[in-house]
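Working notes, beginning with the structure itself.
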Amino acid sequence: MRNKAAIGLIYAVLGAIGFSFKSVFIKMAYAAGVNVTDLILLRMVFSVPFFLVAAYWGGKSQAALTRADWRQIVMIGVLGYHLSNVLGFAGLTYVSAGLERIIFFIYPLVVLLVGWVYFAKPVRRYEIFAIILCLGGFGLAFIQKINQEGDGMVQGGILIFFSMLSYSFYITGSGVLVQRVGVLRCTSLIMLVACIASMIQFLMFYPVAEIFAQSAKIYEISLALALVSTVFAVMMQTSSIKLLGASHASMVGSLGPIATIYFAQIFLGETSNLWQWSGSALVILGVSLLGLYATGSWVRRPRPLNPAHAHDGLKERD
Numbered sequence: 068m069r070n071k072a073a074i075g076l077i078y079a080v081l082g083a084i085g086f087s088f089k090s091v092f093i094k095m096a097y098a099a100g101v102n103v104t105d106l107i108l109l110r111m112v113f114s115v116p117f118f119l120v121a122a123y124w125g126g127k128s129q130a131a132l133t134r135a136d137w138r139q140i141v142m143i144g145v146l147g148y149h150l151s152n153v154l155g156f157a158g159l160t161y162v163s164a165g166l167e168r169i170i171f172f173i174y175p176l177v178v179l180l181v182g183w184v185y186f187a188k189p190v191r192r193y194e195i196f197a198i199i200l201c202l203g204g205f206g207l208a209f210i211q212k213i214n215q216e217g218d219g220m221v222q223g224g225i226l227i228f229f230s231m232l233s234y235s236f237y238i239t240g241s242g243v244l245v246q247r248v249g250v251l252r253c254t255s256l257i258m259l260v261a262c263i264a265s266m267i268q269f270l271m272f273y274p275v276a277e278i279f280a281q282s283a284k285i286y287e288i289s290l291a292l293a294l295v296s297t298v299f300a301v302m303m304q305t306s307s308i309k310l311l312g313a314s315h316a317s318m319v320g321s322l323g324p325i326a327t328i329y330f331a332q333i334f335l336g337e338t339s340n341l342w343q344w345s346g347s348a349l350v351i352l353g354v355s356l357l358g359l360y361a362t363g364s365w366v367r368r369p370r371p372l373n374p375a376h377a378h379d380g381l382k383e384r385d
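All the letters of the sequence shown, read from the start, carry residue numbers 68 to 385 under the numbering used here.
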């Protein structure tokens with residue numbers, strides 16, 4: 068059990084790192100001249116071959132999906148992942164990568180609340196304490212960034228907030244569905260539904276020829292966004308949800324925004340300061356607390372009985 072939780076923790080950390088590049092890639096693509104709808108479509112189109120293979124592989128020797136399973140997959144793919152993409156990508160046209168991450172970080176709280184309200188999952192004291200540490204860390208890390216944002220902060224913040232709500236629906240819904248459908252098949256089918264939704268949205272506003280008229284740099288960034296922050300990150304995250312549960316996996320994901328600070332500094336020229344370093348320390352402490360409890364490292368176990376004294380114990384009871 069401890070090994071299972073440890074592997075889930077590793078998956079969650081790797082997924083968080085993959086997702087931490089997302090905002091950076093998106094900002095780089097916007098600087099290269101792509102619009103929101105084109106970038107969403109390019110990201111999903113480059114991801115399709117991998118998810119098709121994963122869906123086929125994950126469906127082998129598995130029971131057929133029911134109509135209820137398909138309804139859930141379509142709902143989670145459209146109202147969860149795709150809608151979150153649209154709102155989040157639009158929000159990043161107004162705010163920085165750093166501020167987008169602090170707003171988006173609220174989703175672990177929503178996941179915990181949904182699990183508590185709808186699935187009767189108890190919220191433990193160490194989870195609350197870990198959330199407080201992480202939220203305090205993000206407050207320190209981004210306190211100056213909020214003051215530095217321009218006039219679009221409110222509009223962008225609202226878009227990202229609703230993106231976070233949609234993403235919470237995706238995390239919670241997939242966390243329940245993956246236990247019955249399987250990691251590979253569940254993740255791949257949800258992503259393929261989101262790909263179809265992206266194509267329909269694109270065709271509603273633009274001609275097909277536009278997707279082939281992008282610069283080589285935009286294609287390169289979109290490919291990196293698809294491979295690192297979609298295929299790899301989603302697979303790692305869904306695997307961690309299966310092993311840790313949605314609440315724990317989302318909490319470990321709080322490492323991602325801290326990584327975004329540093330990646331944005333390297334690739335986008337954003338600066339960091341003492342507030343951000345202090346916030347990083349609190350977040351790492353909170354995630355470490357969650358990880359130690361999830362893997363059972365802080366659970367006190369009874370000491371094994373020394374065979375030399377076992378007979379004495381029996382004599383005392385006699």
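Virtual Cβ for every residue (Gly too), placed ideally from N, Cα, C.
This one's a predicted model, so the numbers in the text were calculated from it and none came from an experiment.
In the structure shown, the three-state DSSP call for S128 is coil. A Cβ-Cβ distance of about 4 Å is found for the pair S307 and A79, placing them in contact under the 8 Å criterion. Of the residues M266, I93, M302, G158, the one whose Cα lies closest to the Cα of A316 is M302.
Three or more beta-carbon pairs drawn from the region 230-239 and the region 146-165 are found closer than 8 Å, and the two stretches are therefore classed as touching. Under the three-state reduction of DSSP output, T133 falls in the coil class, being neither helix nor strand. With contacts defined by Cβ atoms closer than 8 Å, S87 and F334 do not form a contacting pair.
Counting along the chain, the unbroken alpha helix (DSSP H) around G224 starts and ends at 220-248. When secondary structure is reduced to three states using DSSP, G165 falls in the helix class. In the DSSP assignment, G323 falls within the unbroken alpha helix (DSSP H) covering 322-334. Burial state of T338 is exposed, judged by a 10 Å Cβ sphere holding fewer than 16 other Cβ atoms. Pairing Q129 with R252 gives a Cβ-Cβ distance under 8 Å. Within the same chain, A164, T327, F330, A331, F334, L335 come within 8 Å of V91 by CB-CB distance, once the 5 residues on both sides are set aside. According to the DSSP assignment, K188 belongs to no alpha helix (DSSP H), since it is labelled neither H nor E. For the pair G320 and E277, the Cα-to-Cα distance works out to about 35 Å.
By the beta-carbon neighbour count (other beta carbons within 10 angstroms, threshold 16), L270 is exposed.
DSSP places T305 in the uninterrupted alpha helix (DSSP H) bounded by 300-311.
Between Y286 and I143, the C-beta gap is not smaller than 8 Å, which leaves the two residues out of contact.
Going by C-alpha positions, G204 is about 13 Å away from N340. Annotated as distal: L349 and A72, with beta-carbon spacing of 8 Å or more.
In this structure, I74 keeps its C-beta atom at 8 Å or more from the C-beta atom of P324. Check the Cα spacing between Y148 and each of A293, S235, F171: the tightest is with S235.
A residue is called buried once 16 or more other Cβ atoms fall within 10 Å of its Cβ, and K127, having fewer, is exposed. Apart from the 5 residues on each side of it in sequence, F171 sits with its Cβ closer than 8 Å to the Cβ of G155, I227, S230, M231, Y234, P324 in its chain, given in chain order.
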